[in-house]
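Same order as they appear, the protein sequences are chains A and B.
For the first sequence, UniProt numbering gives the first residue as 1, with consecutive numbering after it.
For the second sequence, UniProt numbering gives the first residue as 1, with consecutive numbering after it.
Note that beta-carbon positions come from the ideal geometry of N, C-alpha and C, so glycine has one too.
Input: a single structure, listed below in structure tokens.
There are 2 protein chains.
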Amino acid sequence: MRTSIATVCLSGTLDEKLRAAAHAGFDGVEIFEPDFLASPRSPEDIRGIAADLGLSLDLYQPFRDFEGVSPELHRANLRRAAAKFDLMTRFGIDTLLLCSNVATAKSGDDQLAASQLRDLGDLAAAHGVRVAYEALAWGRFVDGYEHAARLVRLADHDAIGICLDSFHILSKGHDPEAIETIPGDKVFFVQMADAPQLSLDVLSWSRHYRVFPGEGAFDLGRFLGHLLRTGYDGPISLEVFNDTFRQSDPEETAIDAMRSLVLLQEQGRDWLDRHGGLGSAGGALAARERLDLDVAPAAAPPVDFNYVEVRSDDLDALRTALAQLGFADRGVHRSKPVELWTQGAARLVLGPTGGVGSAPAVAGLGFGVVDQDAAAARALAFRAAPVAREQAVGEERLVGFRAPDGSEAFFGDAGDGEPHWIGEFGTAGAADGQVDEDAAGTGILRVDHVNLAQPWQHFDAAVLFYSTVVGLAATPSTEVAAPIGLVRSQVLRTADGGVRVALNLAPSGDTGGAILPQHLAFATDDALGVARAARARGLAPLPIPANYYDDLDARYELDPGLLASLRELNVLYDRDAAGEFLHFYTGAIGSVFFEVVERRGGYEGYGAGNAPVRLAAQYERRRAGSAADAAVVAGPR
Amino acid sequence: MRTSIATVCLSGTLDEKLRAAAHAGFDGVEIFEPDFLASPRSPEDIRGIAADLGLSLDLYQPFRDFEGVSPELHRANLRRAAAKFDLMTRFGIDTLLLCSNVATAKSGDDQLAASQLRDLGDLAAAHGVRVAYEALAWGRFVDGYEHAARLVRLADHDAIGICLDSFHILSKGHDPEAIETIPGDKVFFVQMADAPQLSLDVLSWSRHYRVFPGEGAFDLGRFLGHLLRTGYDGPISLEVFNDTFRQSDPEETAIDAMRSLVLLQEQGRDWLDRHGGLGSAGGALAARERLDLDVAPAAAPPVDFNYVEVRSDDLDALRTALAQLGFADRGVHRSKPVELWTQGAARLVLGPTGGVGSAPAVAGLGFGVVDQDAAAARALAFRAAPVAREQAVGEERLVGFRAPDGSEAFFGDAGDGEPHWIGEFGTAGAADGQVDEDAAGTGILRVDHVNLAQPWQHFDAAVLFYSTVVGLAATPSTEVAAPIGLVRSQVLRTADGGVRVALNLAPSGDTGGAILPQHLAFATDDALGVARAARARGLAPLPIPANYYDDLDARYELDPGLLASLRELNVLYDRDAAGEFLHFYTGAIGSVFFEVVERRGGYEGYGAGNAPVRLAAQYERRRAGSAADAAVVAGPR
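Structural data, given as structure tokens:
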């Protein structure tokens, strides 16, 4: 399938946009007129640059407010159009996007509109170009694609066809099935955008909140399936107006965009497979072959966390906290300056930040998969950037990719028992006498979830990365109040909960993770037991206010013994229809902290109702100065 | 009128919120339960701190999901309520906010709800407290204040009254007039919030976009007028959920909040004056006296720009550009390290940034007013912070206040002719031989508008500052696309356009004004003439792409001679039903640049359609390096 992207999706100058689109592997671009008007380059220049970059110029857009007007305005409109057709000839662009009239239409008479479109078709044909007519969701008289298709049919001109835009169709709740009634050769262009489900006016929704396919709530696989059934084989182009993308690095945004188009093609194929393929145009297999869908090879989602890598310049504090939680020091790596701590199936690799610069504290997530090669091939097909990683002879190969926040995602072997790479660590060279041979576990079983703070520019991209490259499923997002703003949180997970990654969007004012640290949550069957054992080893948990426990009692009528234990051990509590949740936190260690969680019954949440209490307690401690946090790790071992 | 503020309006810990509210002069606060639950302080502690700060504790909130439930849940709810009543006793708070049920109500039967409210009243009375019942706009069965009032009437209990919240009432489009049918002594509490007009679902609108009175679109003066007519004389409290305020400095936000309450009281008084005063409760004058409205004294809005002060570390470049534009160097100030440049009624004071730190490039706006004392008294009543300014003996007194972005707003004398303070400048001590005695003006008449980039945290506060403290009227905001994101722009102006201040909200990624510089626009009757004269003196205007002029021709069929002149001189053009607009820009000089504008006919805009071209041209030049901008000011004088 040919891929295209509107220049409005990307930030920067027109030159920068073209370079970013080419670098991400797009076949072509739509020239968004304001980008061209603001450029010092002539159409011929831009044509040459695009050709050098291997990009086709697929569309010039938008042309506005044409049909349904008075005869005088119609004459002026044709003059306007002729100037644009001349321009397109200079560009070598053969298709103009015409939006349905929002401002100047005086009549909703279909015959008048069709006749004016026919005049436009004559003019276009004389210039050797054509016009793709699109119904805007807020058009004055024409706001649905079926109406637009009717006008195109009435105009009955070879140079007049339709442009289908998924946003304008799905935002209005229109059923895309009738796309199949449009002849494929009258579909002149197709624009794709996803969007979160918002009950906002459609104009604001469109101008600010569009996202790339897979980042929103629309069923675009179905949309594409209906489209392919028409026999359409032109480009699938992205037209996404998004406040954040407009501010982000265009190269990164373009790769994110291309990733979304790979996902879209997979979703279209799957929909066709489920719904009888191409229908009259042939079977699904034939469709896929003819349309040359760029679909990533299949790979099973990850099974568990193979390991988590944390980087810090205060490794002693991390070591002390892990030892207090019952982790065993498994020694340093034979060739890399990192060390391993384990308990049950929870494995932490600790290393210094040195040389890594701005990498986040949670610098790497190792995912256990049943087929590393398949997972890597799928990740590459989703345009993930491989991480260069040295392996000494005999060391286990780990295949890694760079996540949008700069951290690394690795695929390791999910076989039973400990991974082979653990043999690469040994206590012989352990640093600083921190080895605790006698450490007995406290009951921690594995990593329950990892909580990653994301910079605001990368949140949507991160959701797409973990759902495509890593293969997790996105769940609905929530919001949590912190003393310094609202935190948006979204969990990506596997069906059985073996892997859960929570992404948190820090308030814009947060820089450097000071306000929203990252954290690892360890699973146990006995949170109170772990808390008690860790306390005996000197761990001072994050203190939870007495007010919280008074309110817990008012809300839940808890067993007095349980309530007393929760209060004594600073363990928080939540309950829903499915089960209960007990959890506690360590103090912050640099920009990372730990949590221990116990899920009772079918509880599948994360104690979101308790998060404001936790965030406020962390904020209080930062206000009180670092002395408090130092105390957390100063106790006896 | 007693003023109160909900702790949820402010960021930080509960302690910080209380201090900020007290510092801004509030009489009391509402304790927002999550703020209390997250606090390590006991109710007794908080009571003591509030008392020390001179704050009353006016409300505990919210209590949820009470009425219309099954008998079993009703019993559990009463247990929950008893715990909160005990807590309130410890706080010394006499009123609980009860929100209408959104989650657990099984029945919409008014008799059942009223009977359960009556039970709650009995329990409250036994604890010596009372309950203010509020209809949430998204309540399950009760979502309007008239319904809530009906239930209160049915409950018929001394301890059960109503809470009126302007957001919940006005967001639903409910008419506040029926507030007058509620007996004043049954109005137990009043919460005020404004909001922009959004077609968003009311829950999201409420949770994220509320603003302080005067920052949104609601007619709160009328709301307050109807309320006062009931005889209500309790506190007027602010309850504003706002994503930005949650991230802003609580001290600044609290002052902004108090400013909005002063404005609200003025609007309420004005509404009463226009609508026959207190009605049955007495005349408007009596109302004002009895209610002790804290209303700012009247002052006429400013007439013109007295001067504009620009600070830069590259004064030579500014001097060159001003000389090229035809400004005359009027010499340095007799006691301050600043210098004056004038042309017509446009007066620029230039000074170094030294010692000012992070002050914006446009560091001061001098507004000409007919009565300085009245303007200053009004500003003070609006809680503006005076600027300490040394005056040597015999120098003109300027009264100044600090704007939210750190710049200074001064009130000067708007008499005919040049202000007296000009005599404090003289060419004798002019620096660096830059004096140009022969400078003949190019046709610049005065300052048309000043364009100030605002940090995102301060945009709403800035709108409120200029509309209250300075006395300008806010116009609707627009959005403009820049290469690095969307720019929100809002103009505040006087009726005759003598003073216009445009506030621009930079994209979050912009720091330090690199992307969105500030600028001064000078008015002329002949933009082409000024452009030609300035070019003859060496000014190289911001270059505008040829593509822009081709499009201009396609759109407007301009006279070929005019189009050629525009193109030759890099002058931009806009047209609307009222008239035409011609304007051009200088290159950026540090983080400031100049514009020259000509308004023909009744054109009242700012060429917003041309702003993307200007922003892209500026972005291109920054990309091309500072060499280009250096060239702007390197030409002959």
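Identify the contact partners of residue 548(B) in chain A, using a Cβ-Cβ distance below 9 Å as the criterion. The count along the second sequence starts at 1 and reaches residue 548(B) at position 548. Under the 9 Å cutoff, chain A gives 37 and 38.
Any chain A beta carbon closer than 9 Å to residue 201(B): The residue you call residue 201(B) lines up with position 201 of the second sequence. Closer than 9 Å to some Cβ of chain A, the Cβ of residue 201(B) qualifies, so yes.
At a Cβ threshold of 9 Å, is residue 517(B) touching chain A? Here residue 517(B) is taken as the residue at index 517 of the second sequence, counted from 1. It does not; no Cβ of chain A falls within 9 Å.
Going along the chain, which unbroken runs of the alpha helix (DSSP H) with 4 or more residues stay wholly within the region 200–267 of chain A? 202–208 and 220–229
Taking contact to mean at least 3 C-beta pairs separated by less than 8 Å, is the region 464–476 of chain B in contact with the region 490–508 of chain B? A contact exists between the region 464–476 of chain B and the region 490–508 of chain B.
Residues that residue 478(A) bridges to, as DSSP identifies them: The count along the first sequence starts at 1 and reaches residue 478(A) at position 478. 489(A), per the DSSP bridge assignment.
By how many angstroms is the C-alpha of residue 65(A) removed from the C-alpha of residue 84(A)? Residue numbering aside, residue 84(A) sits at position 84 when the first sequence is read from its first letter. Residue numbering aside, residue 65(A) sits at position 65 when the first sequence is read from its first letter. Computed Cα separation, rounded: 14 Å.
What would DSSP say about residue 335(B), mapped onto helix, strand or coil? For this step, residue 335(B) is matched to residue 335 along the second sequence. Coil at residue 335(B), not helix or strand.
On the three-state DSSP scale, how would you describe residue 56(A)? As a position in the first sequence, residue 56(A) is number 56, starting the count at 1. Of the three classes helix, strand and coil, the one that applies to residue 56(A) here is strand, per DSSP.
Grab the span of the beta strand (DSSP E) containing residue 519(B) for me, first residue to last. For the purposes of this step, residue 519(B) is taken as residue 519 along the second sequence, with counting starting at 1. Per DSSP, residue 519(B) belongs to the beta strand (DSSP E) from 518–524.
Check whether the Cβ of residue 484(B) lies closer than 9 Å to any Cβ atom in chain A. As a working mapping, residue 484(B) is identified with position 484 in the second sequence. Cβ-Cβ to chain A under 9 Å: yes for residue 484(B).
Given a threshold of 16 other Cβ atoms within 10 Å of its Cβ, counted over all protein chains shown, does residue 267(B) qualify as buried or as exposed? Your numbering for residue 267(B) matches position 267 in the second sequence. With 16 or more Cβ atoms within 10 Å of its Cβ, residue 267(B) is classed as buried.
Quick check: what's the CA-CA separation for residue 535(B) versus residue 583(B)? Indexing the second sequence from 1 puts residue 535(B) at position 535. Indexing the second sequence from 1 puts residue 583(B) at position 583. Approximately 14 Å, taken between the alpha carbons.
Is the shortest distance between the beta-carbon of residue 243(A) and the beta-carbons of chain B less than 9 Å? Residue 243(A) sits at position 243 when you count from the first residue of the first sequence. Cβ-Cβ to chain B under 9 Å: yes for residue 243(A).
By how many angstroms is the C-alpha of residue 335(A) removed from the C-alpha of residue 426(A)? Here the question's residue 426(A) lines up with position 426 in the first sequence. Here the question's residue 335(A) lines up with position 335 in the first sequence. Put simply, the backbone Cα of residue 426(A) is about 11 Å away from that of residue 335(A).
With residue 470(B) and residue 250(B) assumed to form a contact (beta carbons below 8 Å), what rounded beta-carbon distance in angstroms separates them? For the purposes of this step, residue 470(B) is taken as the residue at position 470 of the second sequence. For the purposes of this step, residue 250(B) is taken as the residue at position 250 of the second sequence. With a Cβ gap of about 24 Å, residue 470(B) and residue 250(B) do not count as contacting.
So which residues of chain B does residue 613(A) contact, with C-beta pairs closer than 9 Å? What you label residue 613(A) is simply residue 613 of the first sequence in a count that begins at 1. 34, 37 and 38, listed in chain order.
With distances taken from CA atoms, which of 389(A), 116(A) and 529(A) is nearest residue 408(A)? By 1-based counting over the first sequence, the position of residue 408(A) is 408. Measuring from the Cα of residue 408(A), the nearest candidate turns out to be 389(A).
Please name the residue in 575(A), 326(A) and 597(A) whose C-alpha comes closest to that of residue 500(A). Counted from its first residue, the first sequence places residue 500(A) at position 500. Nearest option by C-alpha distance: 597(A).
Quick one, which residues of the region 566–577 of chain A are near chain B if we go by CB-CB under 7 Å, in chain order? The residues in question: there are none.
Compare the C-beta of residue 284(A) with all C-beta atoms of chain B and state if any pair is closer than 9 Å. Position 284 of the first sequence, counting from 1, holds the residue named residue 284(A). Legend: pLDDT at residue 284(A) = 45, less than 50; position of this residue unreliable, no value from coordinates given.
Check residue 283(A) in the structure and name its three-state DSSP category. Along the first sequence, one-based indexing puts residue 283(A) at 283. Unreliable placement is indicated for residue 283(A), whose pLDDT of 48 sits below 50; no coordinate value is reported for it.
For a minimum of 3 consecutive residues, which ranges assigned as the beta strand (DSSP E) are wholly contained in the region 150–196 of chain B? 160–165 and 187–192
How is residue 4(A) classed by DSSP in three states: helix, strand or coil? Taking the first residue of the first sequence as position 1, residue 4(A) is located at position 4. If DSSP states are grouped into helix, strand and coil, residue 4(A) belongs with the strands.
Of all the options 482(A), 168(A), 166(A) and 151(A), which has the alpha carbon lying nearest to the alpha carbon of residue 160(A)? Here residue 160(A) corresponds to residue number 160 of the first sequence, with the count starting at 1. Nearest option by C-alpha distance: 151(A).
Excluding the five sequence neighbours on either side, which residues of its own chain have a C-beta within less than 8 Å of the C-beta of residue 546(B), listed in chain order? As a position in the second sequence, residue 546(B) is number 546, starting the count at 1. 567, listed in sequence order.
Proximity test, Cβ basis, 9 Å: residue 71(A) and chain B: Within the first sequence, the letter at position 71 stands for residue 71(A). Cβ-Cβ to chain B under 9 Å: no for residue 71(A).
Closer than 7 Å by C-beta to residue 247(B): which residues in its own chain qualify, once you throw out the five before and the five after it? Chain order, please. Here residue 247(B) is taken as the residue at index 247 of the second sequence, counted from 1. Answer for residue 247(B): 11 and 457, listed in chain order.
Assuming contact is defined by CB atoms lying nearer than 9 Å, are residue 216(B) and residue 270(B) in contact in what I supplied? Taking the first residue of the second sequence as 1, we reach residue 216(B) at position 216. Taking the first residue of the second sequence as 1, we reach residue 270(B) at position 270. Cβ atoms of residue 216(B) and residue 270(B): not closer than 9 Å.
Which listed residue (126(B), 158(B) and 179(B)) has its alpha carbon closest to that of residue 147(B): Within the second sequence, numbered from 1, the residue matching residue 147(B) stands at position 147. Residue 179(B) is the option with its Cα nearest to residue 147(B).
Between the Cα of residue 669(B) and the Cα atoms of 324(B), 230(B) and 173(B), which residue gives the shortest distance? Missing from the structure shown is residue 669(B); chain B here goes from 1 to 637 and no further.
What in chain B is Cβ-close to residue 206(A), meaning under 7 Å? The count along the first sequence starts at 1 and reaches residue 206(A) at position 206. Near residue 206(A) there are no residues of chain B at all, since even the closest Cβ is about 13 Å away, more than 7 Å.
I want to see whether chain B comes within less than 9 Å of residue 513(A), judged by CB atoms only; does it? Taking the first sequence and counting its residues from 1, one reaches residue 513(A) at position 513. Any reading at residue 513(A) needs caution, since the residue's pLDDT is 48, under 50, leaving its predicted position unreliable; the model's value is listed next. Taking Cβ atoms only, chain B never reaches closer than 9 Å to residue 513(A), which makes this a no.
Counting only C-beta atoms, is residue 336(B) closer than 9 Å to chain A at any point? Taking the second sequence and counting its residues from 1, the one referred to as residue 336(B) is at position 336. So no, residue 336(B) is outside the interface.
Reducing DSSP to helix, strand and coil, say where residue 422(B) ends up. In the second sequence, the residue the question calls residue 422(B) occupies position 422. Of the three classes helix, strand and coil, the one that applies to residue 422(B) here is helix, per DSSP.
Would you say residue 198(B) lies against chain A (beta-carbon separation less than 9 Å)? Your numbering for residue 198(B) matches position 198 in the second sequence. It does; some Cβ of chain A falls within 9 Å.
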